[in-house]
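So that you can map any letter, position 47 of the sequence shown is 54 in our numbering, and since no number is skipped, the others follow by simple counting.
Glycine included, C-beta positions come from ideal geometry on N, C-alpha and C.
What follows is a single structure, written as structure tokens, with notes after it.
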Amino acid sequence: MKVNVYSEIGKLKTVLLHRPGKELENLTPDILERLLFDDIPYLKVAQEEHDAFAKTLTDNDVEVLYIKDMVVEALLNRPEVVPNFINQFIEESRVPSRTVKKALYKYLKKLSPSELVEKMIEGIRTFEVQIEQLTHIMDLLEDEYPFYTDPMPNILFQRDPFSSIGDGVAINNMMTDARQRETLLSEYMFKYHPRFENESIPYYKERSTRYKSEGGDTLVLSEDTLAIGISKRTDPRAIEALAKELFEANTSFKTILAFNIPKTRAFMHLDTVFTQVDYGTFTIHPGIMKELTVFEVVKNGEGTFKVSKVVSTLEDILEKHLKRPIKLINIGGNDMITSGREQWNDGANTLAIAPGVVIVYQRNHVTNEILRKEGITVLEIPSSELSRGRGGPRCMSMPIFREKI
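What follows is the structure, given as structure tokens:
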């Protein structure tokens, strides 16, 4: 199976999700900050809401893949890679004790591929692993913490570990330790799953790349233009490194627009304040309506580029590069309170499944009604628990294949 993503709005054919599991029930107030969550979703309802999301996709002829299933199938396809997979996972879980590392390897090696991937995602509690004797200070210090390996609750947001760009992928080096292990699953899926392993998919960024980035900051605006946020989670040097790879590979992409956005929780990624819903229509947070600082990274010869600083409005920037009239729709309309509330609940984080057809959270009723009045087909999903994770339909999904527009 090939990767094919040259826009944000082309008819969506295949998408990758993660159905929330026990990793959410392993969250406690004491570790929320460590694991980048603000609250603890109620798993039963979160699963029901996520199933409604998946059903909305399949009802619209979108093939839904799940990251857990894909990694399990990859390991079944290539069982010889399992030992290295386990060792990488343990190393990246920052387990400092050699005694515990050995015990964890022994414990995980006995599990089936399905049990293995599930346990990696949900976290390994200290009582689950048999260790004869803890003999070092580090061992005993770690024994006071309830997990040998932390749960991965953020894996719900499949947008971030990698980005589908054109016919290839950029696997990210995530900003925080809490999320870096997620990209290990992405890497093994692409390298060893039978649907991908023989497709010679280009890697425009490896997870071992030095500079940090996350997929929520990347928007594929057209066949030749990307928008990437310089954010709390994406380093500008990562953008230049990606530009170099894309331009040297002679892809169709000729320009990257690097948007400098506020480094705050509410503006975590570019797609929390700005998403495309139709050919020239975008949802935006009013906070980016004023003039923005954007760096145009433009291909300049074979594999080289030049960078220009531009201070302009979002509308003018998009009109220049997309060569069409642009309409910007404020989240929550013109009311500051409504806008702030609905942006916090991911009103700007729409997932287009075709031009002018978007999946949104039901709770953002003001924005949803504005979209309808603008001629957008709005498919609402329940979100009382999913929204507690601070990510919307776009955050929870990674397109693998879109039709070209």
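Asked, Found
"How far does the alpha helix (DSSP H) with Ala-59 in it reach, from first residue to last?", "50-66"
"Kindly indicate which three-state DSSP category Val-373 falls into: helix, strand or coil?", "helix"
"Going by DSSP, what residue range makes up the alpha helix (DSSP H) through Leu-197?", "Residue identity check: residue 197 is Phe in the sequence provided, not Leu. That run of the alpha helix (DSSP H) goes 184-199."
"Mark Glu-40 as exposed unless 16 or more other C-beta atoms lie within 10 angstroms of its C-beta, in which case mark it buried.", "exposed"
"Which residue from Pro-243, Leu-226 and Glu-70 puts its Cα closest to that of Phe-302?", "Pro-243"
"Using 8 Å as the threshold, is the region 53-64 in touch with the region 384-401, meaning 3 or more CB pairs across them?", "yes"
"Check each candidate in Leu-277, Ser-215, Pro-160 and Lys-51 and name the one with the smallest Cα separation from Arg-240.", "Leu-277"
"Nearest-angstrom Cα distance between Gly-339 and Leu-325?", "22 Å"
"Between which two residues does the beta strand (DSSP E) holding Gln-283 run?", "281-285"
"How close, in whole Å, do the beta carbons of Arg-186 and Arg-401 come, if the pair is a contact with beta carbons under 8 Å?", "Incorrect: roughly 17 Å between the Cβ atoms, too far for contact."
"First and last residue of the alpha helix (DSSP H) that includes Ala-6?", "Here the chain has residues from 8 to 412 only, and residue 6 is not among them."
"Val-227 to Leu-264, Cα distance in whole Å?", "10 Å"
"So, for His-328: in the same chain, excluding its five sequence neighbours on each side, which residues have a beta-carbon less than 8 Å away from its beta-carbon?", "Leu-228, Ser-229, Thr-232, Thr-262 and Leu-264"
"Might you give, ordered along the chain, the residues of its own chain that have their beta carbon closer than 6 Å to the beta carbon of Thr-345, omitting 5 neighbours on each side?", "Gly-339 and Val-373"
"Can you give the Cα-Cα distance for Phe-436 and Asn-11, rounded to whole angstroms?", "The question about residue 436 has no answer here: the residues shown for the chain are numbered 8 through 412."
"Could you tell me the alpha carbon to alpha carbon distance between Phe-92 and Ser-121, rounded to whole angstroms?", "13 Å"
"Would you kindly work out how many angstroms separate the C-alpha atoms of Arg-132 and Gly-294, rounded to a whole number?", "42 Å"
"Restricting to Cα atoms, I'd like to know which of Val-318, Leu-358, Gly-308 and Gly-398 is closest to Asn-352.", "Gly-398"
"Do Thr-279 and Ala-355 have their C-beta atoms closer together than 8 Å?", "yes"
"Which residue wins for smallest C-alpha separation from Leu-358, given the options Ile-246, Val-318, Val-314 and Met-403?", "Met-403"
"Can you give me the start and stop residues for the beta strand (DSSP E) that Ile-407 sits inside?", "405-409"
"Which residue comes first and which comes last in the alpha helix (DSSP H) that contains Glu-99?", "89-99"
"Rounding to the nearest angstrom, what Cα-Cα distance links Glu-221 and Ile-246 in this structure?", "11 Å"
"Can you tell me which of the three DSSP states Lys-306 falls into?", "strand"
"Would the beta-carbon of Gln-350 fall within 8 Å of that of His-292?", "yes"
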